[in-house]
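Report on the following structure.
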Amino acid sequence: MDALTALITRTSQGALTEPAPSADVLNHAFQAALRAPDHRLLRPWRYLVIEGDARQQLGELFLQAGLMDNPELSDVEQQRLLKMPLRAPMIVVAITVTKDDPKVPEVEQILSTGAAVQNFLLAIHAQGFASMWRTGWVTTHAHIQAALGLAAHESIAGFIYLGSAANAPRVPTPLTVSDFVQQWSR
Ligand SMILES: Cc1cc2nc3c(=O)[nH]c(=O)nc-3n(C[C@H](O)[C@H](O)[C@H](O)COP(=O)(O)O)c2cc1C
28 MDALTALITR
38 TSQGALTEPA
48 PSADVLNHAF
58 QAALRAPDHR
68 LLRPWRYLVI
78 EGDARQQLGE
88 LFLQAGLMDN
98 PELSDVEQQR
108 LLKMPLRAPM
118 IVVAITVTKD
128 DPKVPEVEQI
138 LSTGAAVQNF
148 LLAIHAQGFA
158 SMWRTGWVTT
168 HAHIQAALGL
178 AAHESIAGFI
188 YLGSAANAPR
198 VPTPLTVSDF
208 VQQWSR
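Here you go:
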């Protein structure tokens, strides 16, 4: 797939199944992520790969965190949390590693992580696999952050669910470029 086609055709895929991206595919996607624009080359990102039984362990972690916040969680809700990471054969956790720099505020480092994740998603798509970037309360819960090994200067940019598309790709609503782009001059 050429680069422009990959850029224009990528969509998120909630229904993900086996096979997960191979080691080669994943390595290419991480190479793409590591090419994100990065002010002063701080490299303010790192990634965790969660697959196989580790997804069950992540589900147990989500459940523990959910019960900490609400010990009265219904059985249905408990099962939902437990099974959340089983929605895909592989999950990559994208982490911003905020560096102390006089010229690069944290927001730029988070933007760089966002660019890295987008490079990653596009590289996954270009190689025939599918993905879904997910966040929510699980990204900011202290118990989950600690169990994933985050330090105080780190934050989760997203849980990237990865696999093969179970359904035909969603056809995105076409947007009109001129609704979002204007010429400017004084
Ligand atoms: C930072 C970020 C966090 C997101 N978190 C979620 C999420 O928790 N749940 C969800 O359904 N979609 C989430 N999305 C949106 C989807 O990943 C997806 O981009 C959106 O549904 C639009 O679909 P498309 O990518 O096919 O255009 C998030 C997107 C971004 C950029």
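Take the sequence shown: its letter number 67 is residue 94 in the numbering used here, and every next letter is one higher.
All C-beta atoms, glycine included, are put in the ideal place defined by N, C-alpha and C.
*CA-to-CA distance, Ala142 to Pro254, given in whole angstroms*: It is not possible to answer for residue 254, since the shown part of the chain is limited to 28 through 213.
*Nearest to Leu61 by CA position, among Arg197, Asp102, Thr32 and Ser139, is which residue?*
Ser139
_Beta-carbon distances below 5 Å to any heavy atom of ligand 1 define the shell here; list its residues in chain order, please._
Thr38, Ser39, Trp160, Arg161, Thr162 and Gly163
*asked:* In this structure, how does DSSP classify Trp211 when only helix, strand and coil are distinguished?
replied: coil
*Terminal residues of the alpha helix (DSSP H) in which Val52 lies*: Ala50 to Ala60
_According to DSSP, is Phe186 part of a helix, a strand, or is it coil?_
strand
*asked:* Using the Cβ count rule (16 or more neighbours within 10 Å means buried), how would you classify Asn146?
replied: buried
*Hey, quick one: how far does the alpha helix (DSSP H) through Ala33 stretch, first residue to last?*
Ala30 to Thr36
*Using 10 angstroms around the beta-carbon of Val198, count the other beta-carbons present and answer buried if the total reaches 16, otherwise exposed.*
exposed
*Keeping to the same chain, check which residues put their C-beta closer than 8 Å to that of Glu135; ignore five residues upstream and five downstream.*
His66
*asked:* Does the contact criterion of 3 or more C-beta pairs under 8 Å hold for the stretch 168-175 versus the stretch 193-207?
replied: no
*Kindly provide the ranges of any alpha helix (DSSP H) runs that are 4 or more residues long and lie completely inside the stretch 92-165, ordered along the chain.*
102-110 and 133-153
*asked:* Helix, strand or coil for Leu221? Go by DSSP, reduced to three states.
replied: As displayed, the chain neither begins before 28 nor continues past 213, which places residue 221 out of reach and without an answer.
_Given this structure, state the Cα-to-Cα distance separating Thr38 from Gln84, to the nearest angstrom._
28 Å
_Can you check which of these residues, Lys110, Gly86 and Leu177, is closest to Ala74 by C-alpha distance?_
The sequence given here has Tyr at residue 74, not Ala. Comparing Cα positions, the closest option is Leu177.
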